[in-house]
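Number 502 marks the last residue of the sequence shown (my numbering); no jumps. The beta carbon of each residue, even a glycine, is placed where N, CA and C say it ideally should be. Note that the structure is a prediction, hence the values are computed from the model and not measured. Each remark here refers to the structure printed beneath this line.
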Amino acid sequence: MKFLVTLGLALLLLTLESVVVQQLGLAISRIDVTVVLVAFLAVRANTREGAISAFSVGYLLDLMSGQPTGLFTFLAVLTFLVGKLVVSLVEVRGRVAFVLFAMGADVGHGLLASFFTWMTTKEGSSASALLPGLPLQVTLTGVAAVFLYPLLRRFEASQDRTSSAGLLR
């Protein structure tokens with residue numbers, strides 16, 4: 334996927350996520366659509382394009398979350414790089430494999446976010462409040478991955494067609 338498409342899609346999905354989370358009244362959990370995007374980048378993008386896109390997606394999440402600045406930027410790039418390593422060892426093809434991959438990435442992302450939040454806050458209670466919501470967050474992220482996978486594949490295919498049409502000219 335191209336950088337601008339990824340950035341626009343991340344902004345759209347983060348906006349939708351915030352509305353859905355508010356409407357559902359989820360106080361301690363969220364739908365981590367950014368991890369789904371970063372997981373898809375780990376599966377499909379090359380290292381340079383994926384790392385830059387993951388950095389940008391994480392930065393958008395930093396801007397919209399209110400957490401310590403740089404936390405989600407760092408975690409998005411780390412999740413992408415670890416995801417690239419996992420993809421080199423395990424084959425991730427098809428919707429079910431991708432959903433499980435995204436859910437695993439969300440577990441790691443959520444645990445690291447809780448740990449770093451605990452390290453950077455004075456009272457430390459905000460990080461412990463995140464952990465009980467992690468199973469629901471991972472489940473909701475898995476549901477989001479089920480629906481986002483075909484959409485992301487379609488965006489990728491349209492970008493590939495556009496790139497190959499430009500080469501033919």
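Note the first and the last residue of the continuous alpha helix (DSSP H) segment covering Asp365. Asp365 -> no alpha helix (DSSP H), and no H or E assigned at all.
Should Arg502 be labelled buried (16 or more other beta-carbon atoms within 10 Å of its own) or exposed? Its pLDDT being 48, under 50, Arg502 is placed unreliably by the model, and the measurement read from it follows with that caveat. Exposed is the call here.
Alpha carbon to alpha carbon, how far is Ser351 from Gln492? 27 Å
If I'm right that Val366 touches Ala477 with Cβ under 8 Å, what's the distance once you round it to whole angstroms? 5 Å
Out of curiosity, what's the CA-to-CA distance linking Val471 and Gly441? 10 Å
Helix, strand or coil at Glu424 according to DSSP, with G and I counted as helix: coil
Here's the rule: buried if 16 or more other CB atoms are within 10 angstroms of the residue's CB, otherwise exposed. What is Ser389? buried
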